[in-house]
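Notes for the one structure printed next.
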Amino acid sequence: MPAAGAENKRFPKSHRLSSDREFQSVFTTRHRRESGPLLVYGKPNERQHPRLGLSVSRKAGGAVRRVKIKRHLREGFRTLLPQFRAAFDFIVVVRPHRPLKSEDYQRNLETAMRKVVQEWKPVPDEAPDHSPGC
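Just so we're aligned: 1328 in the working numbering is position 117 of the sequence shown, and the numbers increase by one with no gaps anywhere.
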């Protein structure tokens, strides 16, 4: 139980992407931006807040390193929540890289997330056919 007056610094489940279907929904938009070793995919959601999914492959390092990277990214996302209210689902794919400081992960994450939101253009399901009919 947190101490009296202590702020809850947990990363709530409501802010996480967890199912394969949720991940595939974001990946299929193909809307992504990069910053440093991070590739961030994004898509608007119907919720009132952003959500995060992480994909850190073995190419990024051993288990201990991957867990540390995920911890830094979740913390960076959590600290961005108060100032970042876009209702988007984000997936962060981590490419192989040399170790970074927590601040560097947060800066790269913020940069890529802002680009995703600012440059969002919905992809039409099918473009209307305006060719002359025969």
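Glycine included, each C-beta is placed from N, C-alpha and C at the ideal position. Please read these numbers as outputs of a predicted model, since none were measured by experiment.
Say whether chain B places a C-beta atom closer than 9 Å to the C-beta of residue i.
i: V1267; result: Within the model displayed, chain B is absent; a lone protein chain is all it includes.
Leaving out five residues on either side along the sequence, give the residues of the same chain with a beta carbon under 6 Å from the beta carbon of residue i.
i: R1244; result: V1251, A1323, K1326, V1327
i: E1330; result: none
Taking only three categories from DSSP, how would you classify residue i?
i: L1250; result: strand
i: L1263; result: strand
i: F1234; result: helix
i: R1296; result: coil
i: R1325; result: helix
i: R1244; result: strand
i: R1318; result: helix
How close, in whole Å, do the beta carbons of residue i and residue j come, if the pair is a contact with beta carbons under 8 Å?
i: V1267; j: K1254; result: Not confirmed; about 20 Å, so no contact.
i: A1297; j: R1258; result: A1297 to R1258, Cβ: 11 Å. No contact.
i: S1246; j: N1319; result: 4 Å
Could you spell out where the alpha helix (DSSP H) holding residue i opens and where it closes?
i: F1288; result: 1274–1291
Excluding five sequence neighbours on each side, which residues of the same chain lie with their C-beta closer than 8 Å to the C-beta of residue i?
i: C1345; result: Its pLDDT being 44, under 50, C1345 is placed unreliably in this model, and the value from its coordinates should be taken loosely. If we look at C1345 and ignore the five residues flanking it on each side, it has no Cβ neighbours.
i: R1227; result: R1262, L1263, G1264
i: L1313; result: The sequence shown places Ser at residue 1313, rather than the Leu named in the question. Once the five neighbours on either side are set aside, the close Cβ partners of S1313 are H1283, E1286, G1287.
Exercise. Can we say the region 1227–1245 touches the region 1302–1317, given the rule of at least three CB pairs closer than 8 Å?
Worked result: yes
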